[in-house]
Each structure stands twice: as C-alpha cells, then as structure tokens.
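Chains as they are written, first to last, in the working numbering: chain A, 4 to 112; chain B, -13 to 222.
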C-alpha cells in the first residue's frame, strides 16, 4: 500500500510524463496538492519508490536554465501504475457515502 | 547574507552523492528558490542522507553508551568516591570547605547521572568505535581492513588511558591551579559547577588522546566516500 505522499509523487510524475524530474514534480505537487514539498522529502521518496520498483530514474541532460546541472528524470513503471490505481481505488471505496465527498454539480457550503 | 547562504548550500551539498548534488543544485537554480529556504531544504536532505547511512550504527552506539551508563549508575558511589578524592584533597589543602553546595534538589541526582554517563562513555568506547568501524569497513579493501584493526584497538586504549591520565594526573594538578585564583573571593563551590568542569576536563583530555585514531578513521571514511564517487571525479 502506498503512502499519501508517494501517491502524490506518482500522480505528479504520471501527469508530467516524459518531462517528470525533481523541480517539475515539486511544482506539480505544489499546484495540485497546495503544499510545498521539501527537497529532502522529494529525493528520499524518489529513492524509496525506485527501491520498490514503482518508478525508474536516470540522469538527464544538463541545461543552461539549470546552470549546467543535470536533471534526475523520473518514469512511472507498470508496477507503479498498478500501485497508484490500487491506492486510488481504496480511497474512492473508503470515501463512498461519506458526507465530505462532493457530488458532481453540488454547490459547496 | 544571501551569498553566505549559497556558499553554505554549495559546501553542504558536497556531502551528497554527485548525481544527487547535480540534480538538487539544478532544481534550486531552476526554481529560483529563496536562499534561506533553499539552505534549509539542502540541510534537511543532507541530514536525512547522513542519518540513513549512519542511523543503525548511531542507534547501536547510543544503546551501548546507555547500557554502560546504567551499569555505571549501579556503582555511582564508588565512582564518585574515586573521582572526588582528589577534589576533596585539593579543597582541604586550600582550606576550603569540601562540603559542596547545591541549589536545587535535583542536582545531586543529576551529578550521579552525569558521572554515570561519563563512565558509560568510557566503558562503551571500544563498542562505539567498533560501530564506527563497521560503517566504514564495507567500502575498504582487505589490506585496508587489516591495517585499520590495530587503529581501532589503539583508539579505544588511547581514549581510556586519556581519561585515566586526566583523573590521576591532569585533574589533580589543574584543580589547585584553578582554585588558587579564587582565594580572594568567597567560595561557594556548587556540585554541579565543580563536577561539570571536572567531567568536561576528563572527557576533553580523553578525546585529545584519541585524536590520532579518530583522524585515521575519518581519513578511511573519506577514502570510502571518494571511492563511491569515483566515476564522477574522473569526469571533471
């Protein structure tokens, strides 16, 4: 079972596709989840996910925008996709019939 | 201030693995992060990485010191009697009251606790060094491992002999010198002030004795770190 932050990372990486790397994932998490993720949390979670076989990482090309530094590129593996889907299923099932789940078209109080 | 922060970030990031360092510094320059926030981020990552690599050994070392301290606490009166002998003698020679004072009820217990921890540190020092050695030895060649064995043993012996030297020779010589300067003042020597000084003195001298061995172990750990980032160094 994934952790909440691991799920956020997998979702952000999947959404970014072939443009998924450290800084982009941080931005994506900040935009989607609304909180700032620290570098420590990001890179240790990337390591953990890679160890579990849920993502693959490799060093990309250096760019001038990054001061000639290389990116750590991220790709979600098939196992990662399955794990994220399973997590989402569990959250969706667990949330069914709960009052804080907004129905489509309902006005928020 | 901003420059200092970036200099600190550059320096601290050297503790990271080269590829990770590249990615982290690149991410920071790309995201135009505030210097202070970036510094905290890098510090957090460095601490996480260091704890991950030293964590198990650190935990075992703490456990070793704690067990040895518990054992020492059982013999607290003997330890106090042994270490306090010189202090009482010095105070007697200088015609000062050897009845030490305390301001709070917790101080006498605190004193015994501190002394126990200090003795625990000495008793557990071979084990602590052994743990340090274990964290380094995985990256060493067979010859290096063989050459380091005597250094670990010697370091423990030096640490203990440093403590013994401080208790038997340095402390009895230093105390009269320190206290003789207070003759013109009214003395109210408290147990915590007096024993804090003595404990810091003993541990300090013991560490000074152990320095050659520590230097050698740090040298070995740096060699292991360099070896781990070998391909990166040859790239530059």
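Glycine residues also receive a C-beta, built at the ideal position from the N, C-alpha and C atoms.
Using DSSP with H/G/I as helix, E/B as strand and the rest coil, what is residue 183 of chain B?
-> helix
Quick one: measure Cβ to Cβ for residue 178 of chain B and residue 93 of chain B, integer angstroms, because I've assumed they're closer than 8 Å.
-> 5 Å
Use the C-beta contact count for residue 221 of chain B: other C-beta atoms within 10 angstroms, 16 or more gives buried, fewer gives exposed.
-> With a pLDDT of 35 at residue 221 of chain B, under the threshold of 50, the modelled position of that residue is not reliable, and no figure is offered here.
Are any of the Cβ atoms in chain A nearer than 8 Å to that of residue -6 of chain B?
-> So no, residue -6 of chain B is outside the interface.
Taking the CB atoms as reference points, tell me whether residue 181 of chain B and residue 100 of chain B lie closer together than 8 Å.
-> yes
From the beta carbon of residue 6 of chain B, is the nearest beta carbon of chain A less than 8 Å away?
-> yes
Going by alpha carbons, who is nearest to residue 67 of chain A out of B:15, B:102, B:4?
-> Nearest to residue 67 of chain A by alpha-carbon distance, out of B:15, B:102, B:4, is B:15.
Would DSSP call residue 117 of chain A helix, strand or coil?
-> Given a span of 4 to 112 for chain A in the structure shown, any question on residue 117 of chain A remains unanswerable.
Nearest residue (CA-CA) to residue 80 of chain A, options A:57, A:46, A:19, A:72 = A:57
Going by the beta-carbon positions, is the gap between residue 77 of chain A and residue 49 of chain A smaller than 8 Å?
-> Yes, they are a contact pair.
Which of helix, strand or coil does DSSP assign to residue -8 of chain B?
-> helix
What does residue 263 of chain B reach in chain A if we use C-beta pairs closer than 9 Å?
-> In this structure chain B extends from -13 to 222, so residue 263 of chain B is not present and cannot be described.
Please confirm if residue 130 of chain A has its CB atom under 8 Å from at least one CB of chain B.
-> A question about residue 130 of chain A goes unanswered here, because the residues of chain A that appear run from 4 up to 112.
Are at least three pairs of beta-carbons, each pair with one atom in the segment 43 to 52 of chain B and one in the segment 79 to 99 of chain A, less than 8 Å apart?
-> Using a C-beta cut-off of 8 Å, the segment 43 to 52 of chain B makes no contact with the segment 79 to 99 of chain A, since fewer than three inter-stretch Cβ pairs fall below that distance.
Can you list, in chain order, the residues of its chain whose CB lies under 7 Å from that of residue -8 of chain B, leaving out five sequence neighbours each side?
-> 21
Can you tell me whether DSSP reads residue 6 of chain B as helix, strand or coil?
-> helix
Can you grab the Cα-Cα spacing for the pair residue 39 of chain B / residue 115 of chain B, in whole Å?
-> 16 Å
Is the CB-CB distance between residue 13 of chain B and residue 42 of chain A below 8 Å?
-> yes
By the criterion of Cβ-Cβ separation under 9 Å, what are the contact partners of residue 12 of chain A in chain B?
-> Correct list: empty, because the minimum Cβ distance to chain B is about 14 Å.
Going by Cα to Cα distance, which pick from B:110, B:36, B:17, B:5 is closest to residue 55 of chain B?
-> B:110
For residue 24 of chain A, name the three-state secondary structure that DSSP assigns.
-> strand
Is residue 0 of chain B helix, strand or coil when you go by DSSP?
-> coil
So what does DSSP say about residue 190 of chain B, is it helix, strand or coil?
-> helix
In whole angstroms, what is the alpha-carbon distance linking residue 47 of chain B and residue 202 of chain B?
-> Their backbone Cα atoms lie some 19 Å apart in a straight line.
May I ask you to verify whether the segment -13 to 3 of chain B touches the segment 13 to 30 of chain A, counting CB pairs closer than 8 Å and requiring at least 3?
-> no
When DSSP builds the beta bridges, which residues end up paired with residue 103 of chain A?
-> Paired residues: none, contrary to the question.
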